Structure formats: C-alpha cells, structure tokens
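Colleague:
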Amino acid sequence: MTSVLLFSVFGYLLGSIPFGLVLARLGGYGDIRKIGSGNIGATNVLRTGNKPLAFLTLILDGGKGALAVFIANHFGSFDAAMAAGLFSILGHCFPIWLQFKGGKGVATTLGMVLALAPFTGLAACTTWLVVAVISRISSLSALIAMISMPVSAFVIYHDIKLAAVCAGVAAFVWIRHKANIQRILKGEEPKIGKKKKDA
Ligand code: G3P
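Be aware that the sequence shown starts at 1, since it is given in the UniProt record's numbering, and climbs by one per residue.
(1) Near Ala42, what residues of its chain come up, given a Cβ to Cβ distance below 8 Å and the 5 sequence neighbours on each side ignored?
(2) Just to confirm my understanding: we take Met82, look at its own chain, exclude 5 residues before and 5 after, and list those with CB closer than 7 Å. What are they?
(3) Taking the alpha carbon of Ile17 as the reference point, which residue from Pro95, Phe70, Glu189 has its own alpha carbon closest?
(4) Quick check on DSSP: helix, strand or coil for Ser16?
(5) Is it buried or exposed for Ala162, if we count other Cβ within 10 angstroms and need 16 for buried?
(6) What is the DSSP secondary structure of Met1, counted as helix, strand or coil?
(7) Using a strict less-than 5 Å threshold between each residue's beta carbon and the heavy atoms of the ligand G3P, what residues do you get?
(8) Give the straight-line distance between the Cα atoms of Leu143 and Glu188, rounded to the nearest whole angstrom.
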C-alpha cells in the first residue's frame, strides 16, 4: 500500500512535466496554450508547423507514462505500476506547475498502456494510425484508439482488472475531449497539421 502511494506521487510528478509547453517555448513559438486548440499536446505542437518538435513532444509525453510504469513495476509491484501510470495521466492533465490546467492525456495513456500491456498498447497505436490515415483527425483517432484498449485488454490478456483500468482511462480521455467531440459532430474539427485560430 505504501509503495502504491509512493509511486502514485512519483507518477503524478513525472506526468506533470509539460513537455509540449517547454519544447514549444524552447523552439521559439512562445506559449503553446495561445496557439491552435490551446492544448499542450503533440497535435497542437504540430500546429506550429515544426514536425520534429511535435514528434519529440509525442515521445516524451508517451515516455513519461511508460517510465512511471517501468520504475514502479521494477521497484514496487504491478499494482504500483498501474497506479503510477494512472497518476502520470492525471499529472499530465492536471499539472501542479500549470495551475492544474493541462492536456488531454492521449500520448501519456498510450505510453502507460504500452508499458503495462504491450499488445494492448500496440493495438491502440495501430488503431490510432489507421483512423488517422483515413480521417486525418487526431482527436477522432485518439477517441477510437481509447475504445480499442479495454476490448483488446480483455481479448488478448483475459484480464478483467486491466480491461477495467483501460475502460476507466478511456472514459476519462473521452471526457477530456468534450470540445473536440462537439467539433467533430459539427464537422469543424481541423485535420492533422492544419493551423486553426481557436478551439
Ligand atoms: O491528443 C490530443 C488530441 O487528441 C487533440 O488535440 O489539440 O486537437 O485538441 P487538439
């Protein structure tokens, strides 16, 4: 129990690092929260037009979810790893450094799930890619990838607890995409890489 608590705090602090914000500043684009959707994630960093910076944001945001899981699993337990991963997502979405106003958690979720249950993570990344190629809409790709997680966790691992954790995370990420869902329904969600004025 102590290790679960300890690794949850660790996961939260790691997840709180706003890589998109830091990289966009370092890249000379100013405050990423004033660009495009205002989100601090890779999709919005891509709206600066800087693909390597967006890719690096994706890797680092995913990496912090994966690292939280790996470290907690190595030094603690599988339960501690799940807790650390979940709290890294909460850290990304509600970072202590940004008055608890953070991102939507997609990359960090994918990193966490890749580390926790690699085949489920791969299935989610593949789903994201396939939907992205077809629709060219990042948020739609993320929303469908999230649905794939509890399904594949159950089908591949036959693990109810893992499937329930994936379902919970997926529901949370859907809630974080409320504005995106409204835009998708209105046909107003921008395509990947397209710059937009508001969100
Ligand atoms: O990962 C976030 C993505 O799904 C949506 O980002 O900037 O279009 O709101 P954005």
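The beta carbon of each residue, even a glycine, is placed where N, CA and C say it ideally should be. Just so we're clear, the structure is a prediction, and the values are computed from it rather than from any experiment.
Modeller: Considering the structure as presented:
(1) Gly20, Ala54, Phe55, Thr57, Leu58, Asp61, Ala107
(2) Leu116, Val165
(3) Pro95
(4) coil
(5) Reading off the sequence shown, one finds Leu at residue 162, where the question assumed Ala. Its Cβ being crowded by 16 or more others within 10 Å, Leu162 is buried.
(6) coil
(7) Ser37, Asn39, Gly41, Thr43, Asn44, Lys104, Val106, Ser138, Ser139, Ala142
(8) 16 Å
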